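Q: Below you'll find the structure I mean.
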Amino acid sequence: MGGVLFVDEAYALNGKSENDFGQEAIDTLLKAMEDHRDDLVVIVAGYTDLMDKFIHSNPGLESRFNRFLLFEDYSLDELMAIFQMRCGKGYILSPEAEPLVRDYIAEESADGDGFGNARGVRNIFEHILVAQNNRLAKMESVTREDLMTLLPEDVMHARGQIDE
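Note that this note's numbering numbers the sequence shown so that position 125 is 126, with each residue one more than the last.
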């Protein structure tokens, strides 16, 4: 067999009902880990608290997953850099909109659970693009600069701070 198996959001295997195949998947995984312990690496990943519950839900998991790597969340500056990278693919964030985006990211990431770091930034970026597209659709004439520029009102619409 050999190789590496990466299971993201592994806690989803903890079944919610009798009809779930999660427990069967866990049992199969544990057997494969035992039968191929010399040539199979299994990595499970997910949010820390949910992974703790997952690992502790089964003694077989606890005994086999005994090395952990914890990654810190990105800082606000790093999240802004990720947002700017997304803008670098054909968009310009107006200087007036930048502090609003920073506040938006800070608010969304403050919750911690479920934000998803770069995925959270991508979702924010996409919400802002939807707001920008809605703004542009109302314009009679749209320039190339209009198409490329994200304005404060786009951020505010995306956050639900002003009505359409």
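We put the CB at the ideal spot given by N, CA and C, even for glycine. In this text, all values refer to a predicted model and were calculated from it rather than measured experimentally.
Give the range of the beta strand (DSSP E) segment to which L41 is assigned.
A: Segment 41 to 46, the beta strand (DSSP E) holding L41.
Q: If I follow the unbroken alpha helix (DSSP H) through I122, where does it start and stop?
A: Residue identity differs from the one stated: residue 122 is Val in this sequence, not Ile. Residues 119 to 138.
Q: Report the CB separation of Y12 from F66 in whole angstroms; it is logged as a contact under 8 Å.
A: The Cβ separation is near 12 Å, so there is no contact.
Q: When the Cα atoms are used, what is the spatial distance from F185 to P60?
A: As shown, the chain starts at 2 and ends at 165. That puts residue 185 outside it, with no answer to give.
Q: Can you tell me the Cα-Cα spacing of Q85 and A46, whole angstroms?
A: So the two alpha carbons sit approximately 27 Å from each other.
Q: What's the gap between the Cα of Y48 and the Cα of F7?
A: Y48 and F7: Cα-Cα distance of roughly 15 Å.
Q: Considering only the alpha carbon of each residue, which of D50, A159, L31 lies closest to A132?
A: Taking only the C-alpha atoms, the option nearest A132 is A159.
Q: Can you tell me which of A119, R123, M157 puts its alpha carbon nearest to the alpha carbon of R135?
A: The sequence shown places Asn at residue 135, rather than the Arg named in the question. Cα-wise, what sits closest to N135 is M157.
Q: What's the call for D155, buried or exposed, on a 16-neighbour Cβ count within 10 Å?
A: Looking at its Cβ environment, which holds 16 or more other Cβ atoms inside 10 Å, D155 is buried.
Q: Once DSSP output is grouped into helix, strand and coil, what is the label at D74?
A: It is coil, neither helix nor strand.
Q: If you follow the beta strand (DSSP E) that D9 is in, where does it begin and where does it stop?
A: D9 -> beta strand (DSSP E) spans 4 to 9.
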